[in-house]
Amino acid sequence: MIDLHAHTTISDGGDSPRALVAKAARAGLSVLAVTDHDNDAGCSEAVDAGQKEGIEIVRGVEISCDVEDLKERGYRPGGRPTMHLLGYFIPEADNALSEALADLQYHRANRNRLMVERLNELGIEVTFEEVEHEAGGPGAQIGRPHFAAVLVRHGAVPDYQSAFDEYLAKGAKAYLVRKLYKPEDAVKLMLESGVVPVLAHPFTLNLELQELERFTDGLVVAGLAGIEGYHGDWPEAEQGPLRSLGESQGLVVSGGSDYHGDMRPERKLPGGKHGVTVPDEVIDRLREVAGKLPAAGAQAER
19 MIDLHAHTTI
29 SDGGDSPRAL
39 VAKAARAGLS
49 VLAVTDHDND
59 AGCSEAVDAG
69 QKEGIEIVRG
79 VEISCDVEDL
89 KERGYRPGGR
99 PTMHLLGYFI
109 PEADNALSEA
119 LADLQYHRAN
129 RNRLMVERLN
139 ELGIEVTFEE
149 VEHEAGGPGA
159 QIGRPHFAAV
169 LVRHGAVPDY
179 QSAFDEYLAK
189 GAKAYLVRKL
199 YKPEDAVKLM
209 LESGVVPVLA
219 HPFTLNLELQ
229 ELERFTDGLV
239 VAGLAGIEGY
249 HGDWPEAEQG
259 PLRSLGESQG
269 LVVSGGSDYH
279 GDMRPERKLP
289 GGKHGVTVPD
299 EVIDRLREVA
309 GKLPAAGAQA
319 ER
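Counting in the working numbering, the sequence shown runs from 19 upward without gaps.
Take a look at the structure:
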């Protein structure tokens with residue numbers, strides 16, 4: 019069994035990289051990709067744990083992309099679109115992608131402190147240390163869900179959703195714009211570093227299949243190599259059209275549980291919410307793609 023989409027405490031998961039790998043080994047996985055949001059800092063720990071547990075760890079990441087202009091580009095999303103791009107086989111040596119991820123973390127840290135200041139100006143006496151503790155302590159990646167939990171605890175809002183609606187969602191009182199890459203730029207950045215780019219959970223773009231095909235056509239031109247058609251949040255049958263789309267575009271159809279540990283307990287490891295099975299041969303196809311990239315990572319040459 020393989021699972022090519024999982025998160026740790028480096029981003030918004032509930033398990034440390036080492037604990038995640040141990041769980042994956044106990045679950046009988048032979049390959050696990052560690053794909054934290056905008057951060058590859060947990061990959062080395064996971065690889066080390068994988069060597070001890072006898073499980074192959076793929077160094078990965080999941081980058082958030084800017085798709086706020088979809089309507090301006092003639093698309094008709096059925097709801098607010100979000101897009102994430104998975105990257106597989108990040109080299110251990112310094113590379114353009116890892117440098118870009120470090121820059122994203124720098125901007126994220128500044129944004130988080132400014133959001134604390136904004137909340138203070140609004141009369142809510144939260145501290146950066148509180149939010150940092152909520153995220154897992156010093157060095158943990160802080161996101162808006164951690165702010166939401168602190169706001170609820172302070173009694174500023176009755177629940178998590180209200181925290182987003184009133185303070186944290188785009189356009190809300192304490193929202194600050196974050197640095198994001200355009201989809202095509204993110205694809206090219208990965209390719210420059212020998213990393214295989216795969217479109218994550220395409221349904222969250224909220225596009226009808228015909229429009230999704232037009233959107234992914236542009237990414238294929240940029241160098242997109244794969245698309246998730248086995249994501250644990252949707253029944254396997256519902257993702258059939260995604261798999262057909264990917265195959266028609268010559269993409270590797272990948273997938274995984276999108277495991278987040280206790281942060282999203284419905285997402286089981288492996289299989290996710292709906293027990294989806296990712297074919298074992300997917301990792302071989304991704305490795306073949308990586309081996310053809312100019313800066314192919316050593317891990318892909320195993």
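Cβ coordinates follow ideal geometry from the N, Cα and C atoms, glycine included.
Please read all numbers here as calculations on a predicted model, not as lab measurements.
How is Y106 classed by DSSP in three states: helix, strand or coil?
Position 88 of the sequence shown holds residue 106. Here Y106 carries a strand assignment [DSSP, helix/strand/coil].
Exposure of R320, with buried meaning 16 or more beta-carbon neighbours within 10 Å
Stepping through the sequence shown from its first residue, residue 320 is reached at position 302. Note that R320 has pLDDT 49, beneath the 50 cutoff, so the model's placement of it is unreliable and the number below is only indicative. With fewer than 16 other Cβ atoms within 10 Å, it is exposed.
Which residue wins for smallest C-alpha separation from Y248, given the options L263, G241, A240 and L242?
Here residue 248 corresponds to residue number 230 of the sequence shown, with the count starting at 1. The shortest Cα separation from Y248 among L263, G241, A240 and L242 belongs to L263.
Taking Cβ to Cβ, would you say L140 is nearer than 8 Å to A192?
Along the sequence shown, one-based indexing puts residue 140 at 122. Along the sequence shown, one-based indexing puts residue 192 at 174. Contact flag set, yes.
Taking the beta carbon of D235 as the centre, do at least 16 other beta carbons fall within 10 Å, making it buried, or is it exposed?
Locating residue 235 in the sequence shown gives position 217, counting from the first residue. The residue in question, D235, is exposed, as its Cβ has fewer than 16 Cβ neighbours within 10 Å.
Close Cβ partners of G279 (< 6 Å) along its chain, the five nearest in sequence each way excluded:
If you number the sequence shown from 1, residue 279 lands on position 261. For G279, same chain residues with a beta-carbon under 6 Å away, outside a window of 5 residues either side, are G31, G32 and D33 in chain order.
Tell me the DSSP bridge mates of S275?
On the sequence shown, residue 275 is found 257 positions in, with the first residue counted as 1. Looking at the DSSP assignment, S275 forms no beta bridge with any residue, so it has no partner.
Three-state secondary structure (DSSP) of L217
Position 199 of the sequence shown holds residue 217. Note: L217 maps to strand in three-state DSSP.
Would you say I73 and V39 are within 8 Å of each other, going by their C-beta atoms?
Start at 1 with the first residue of the sequence shown, and residue 73 comes out as number 55. Start at 1 with the first residue of the sequence shown, and residue 39 comes out as number 21. In contact: I73 and V39 (Cβ atoms closer than 8 Å).
Apart from the five residues on each side of it in sequence, which residues of its chain come closer than 7 Å, Cβ to Cβ, to L311?
As a position in the sequence shown, residue 311 is number 293, starting the count at 1. Excluding residues within five positions, the ones whose Cβ falls inside 7 Å are L209 and G212.
Which value, in whole angstroms, describes the spacing of the CA atoms of T145 and A37?
Translated into positions along the sequence shown, residue 145 becomes position 127. Translated into positions along the sequence shown, residue 37 becomes position 19. A straight line joining the alpha-carbon of T145 with that of A37 spans about 29 Å.
Give me, in chain order, the residues of the same chain whose beta-carbon lies closer than 8 Å to that of V85; leave out the 5 immediate sequence neighbours on both sides.
Within the sequence shown, numbered from 1, the residue matching residue 85 stands at position 67. Here the set comprises P99, T100, M101, P201 and L223.
Relative to the C-alpha of V52, which residue among A24, Q69 and L237 is closest?
Translated into the one-based positions of the sequence shown, residue 52 becomes position 34. In this structure, A24 is the residue among A24, Q69 and L237 with its C-alpha nearest to the C-alpha of V52.
DSSP three-state assignment for Y193, whether helix, strand or coil:
Stepping through the sequence shown from its first residue, residue 193 is reached at position 175. Here DSSP, grouped into helix, strand and coil, assigns Y193 to coil.
A308 and Y185 - do their beta-carbons sit closer together than 8 Å?
Along the sequence shown, read from residue 1 onward, the residue named residue 185 stands at position 167. Along the sequence shown, read from residue 1 onward, the residue named residue 308 stands at position 290. For Y185 and A308, no; Cβs fall outside 8 Å.
Tell me H249's beta-bridge partners as DSSP assigns them.
The residue labelled residue 249 in the question sits at position 231 within the sequence shown. Answer is G274, bridged to H249.
Start and end residues, alpha helix (DSSP H) containing V76
As a working note, residue 76 is residue 58 in the sequence shown. No alpha helix (DSSP H) contains V76, which is instead part of the beta strand (DSSP E) from E74 to C83.
CB-CB length for L22 against V300, believed under 8 Å:
Residue 22 sits at position 4 when you count from the first residue of the sequence shown. Residue 300 sits at position 282 when you count from the first residue of the sequence shown. The Cβ separation is near 7 Å, so the contact holds.
According to the neighbour-count rule (16 or more other Cβ atoms, all chains shown, within 10 Å of its Cβ), is Y199 buried or exposed?
In the sequence shown, residue 199 corresponds to position 181, counting from 1. Classification of Y199: buried, given that the 10 Å Cβ count is 16 or more.
Residues of its chain near A243, where Cβ-Cβ distance is below 8 Å and the 5 sequence neighbours each way are ignored
The residue you call residue 243 lines up with position 225 of the sequence shown. The residues are V214, P215, V216, L269, V270, L304 and V307.
Return the Cβ separation of S275 and K286 in integer angstroms, given the expectation that the two are a contact with Cβ distance under 8 Å.
Residue 275 sits at position 257 when you count from the first residue of the sequence shown. Residue 286 sits at position 268 when you count from the first residue of the sequence shown. About 6 Å separates the beta carbons of S275 and K286, which is inside the 8 Å limit, making them a contact pair.
Rounded C-alpha distance that separates R126 from A187
As a first step, residue 126 is located in the sequence shown; it is residue number 108 there, counting from the start. As a first step, residue 187 is located in the sequence shown; it is residue number 169 there, counting from the start. Their backbone Cα atoms lie some 16 Å apart in a straight line.
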